[in-house]
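S.K.: Under mature numbering (1 follows the signal peptide of the UniProt record, and there is no 0), residues -23 to -1, 1 to 252 are what the sequence shown spells out, in order.
The beta carbon of each residue, even a glycine, is placed where N, CA and C say it ideally should be.
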Amino acid sequence: MKKKCIPFILALVLGVLSILAGACSKSGETDNSSAPASDRPSGNKVELTISAAASLQDAFKEIQEKFEKEQPGIKLSFNYGASGALQKQIEQGAAADLFFSADEDKFDQLQEKGLLDPAKTKKLLANELVLVVPKGAKIKPASLQDLTKEDIKQIAIGSPESVPAGAYAKEALTDQHVWDKIQAKLVMGKDVRQVLSYVETGNVEAGLVYLTDAKSSDKVEVAVTASEDSHTPIIYPAGMAKETKHAKEADLFLQYTQGKEAKEIFTKYGFKVQG
């Protein structure tokens, strides 16, 4: 009788030990959902997709670094390009939580189609249009009219249909009565950064870009600043996508771009802060 009881008692003891071990294991687990954002696995970060004009790239690189340190639970992913191209992407369903445009018209078109939240928009920045030449260039136009001279063979601008800087350039050149005269000299860029690159490498004698782009390069110099009344004001509106799944985080970044630190960075890169 005693021999039959021994296996039963051993099984009972092993069962109790197994239950206790399981309870201890559960009590030692960490609940990631209650952990602070800085302690959560990187996979739990909220990733914001931001479509932004190419001319904002340098300023946003610095702003991103500061913002992500302050908000470790948020990762910023930027999609840079010409504002017109970005507008088309968003219209066609490309993911974007925020849109920072270099053209009010492109921005307004998205608003009219109900793709941006009207309560979360802001006229953020302003810029200037300048004619740049390679640094130390012997040929240096003193005005936009000088672009008609024979020694200037090629001039780069952004494609006016999709690149806001190109549209502003066309307006300024038309205002100065030189647009029709320099058609054969024009080299079109897909965005303002490509135009800047053409000038930096000496592939063209001159190019029309934003002042902020000129300031970002040590390979070009400003020859002419276009008169403000020769083109539409260069305003950078910003807004939140109406269908964003991360409205709270997107609003945090939108507000951050209007704060003191961001304003100082924008100013450093040559932008004029609005409001």
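(1) Give the DSSP-derived three-state secondary structure of Tyr246 in the structure shown.
(2) Check the C-beta distance from Ala36 over to Phe248 and give it rounded, since I have them as a contact under 8 Å.
(3) Just the Cα atoms here: how many angstroms apart are Glu238 and Pro141?
(4) If contact is defined by three or more beta carbon pairs under 8 Å, each pair taking one atom from either stretch, is the stretch 83 to 102 in contact with the stretch 207 to 217?
(5) Drop a sphere of 10 angstroms on the beta-carbon of Asp168, count the other beta-carbons inside from all chains shown, and report buried for 16 or more, exposed for fewer.
(6) Keeping to the same chain, check which residues put their C-beta closer than 7 Å to that of Tyr145; ignore five residues upstream and five downstream.
(7) Pick helix, strand or coil for Lys(-22), following the three-state DSSP scheme.
(8) What's the C-alpha gap between Glu45 and Lys22?
(9) In chain order, what residues of the same chain lie with their CB nearer than 8 Å to the CB of Ile159, ignoring the 5 residues before and after it?
(10) Per DSSP, Lys99 is paired with what?
(11) Just checking my contact of Ala73 with Ile67 at CB under 8 Å: how many whole Å lie between their CB atoms?
(12) So is Asp206 buried or exposed if we call it buried at 16+ other beta carbons inside 10 Å?
(13) How about Leu229 and Gln48: do their beta carbons lie closer than 8 Å?
(14) Checking 8 Å against the spacing of the C-beta atoms, do Glu138 and Gly61 come in under that value?
(15) Helix, strand or coil for Ser11? Go by DSSP, reduced to three states.
(16) Can you name, in chain order, every residue of its own chain whose Cβ lies under 6 Å from the Cβ of Gly166, other than the five neighbours on each side?
M.R.: On the basis of the data shown:
(1) Residue state, collapsed to three classes: coil.
(2) Cβ-Cβ separation between Ala36 and Phe248: approximately 7 Å, consistent with a contact (criterion under 8 Å).
(3) 27 Å
(4) yes
(5) Taking every protein chain shown into account, the CB of Asp168 has 16 or more other CB atoms within 10 angstroms, so this residue is buried.
(6) Leu106, His208, Thr209 and Ile211
(7) In this predicted model, Lys(-22) has a pLDDT of only 46, less than 50, meaning its place in the structure is not dependable enough to derive any value.
(8) 11 Å
(9) Answer for Ile159: Leu124, Thr125, Ile132 and Leu150, listed in chain order.
(10) Ala215
(11) Right, the Cβ-Cβ distance comes to about 5 Å (below 8 Å), so this counts as a contact.
(12) exposed
(13) Contact: yes.
(14) yes
(15) The predicted position of Ser11 is uncertain, since its pLDDT is 34 and thus under 50; a value taken from the coordinates is nonetheless stated next. Reduced to three states, the DSSP call for Ser11 is helix.
(16) Cβ within range, chain order: Ala133, Gly135 and Val172.
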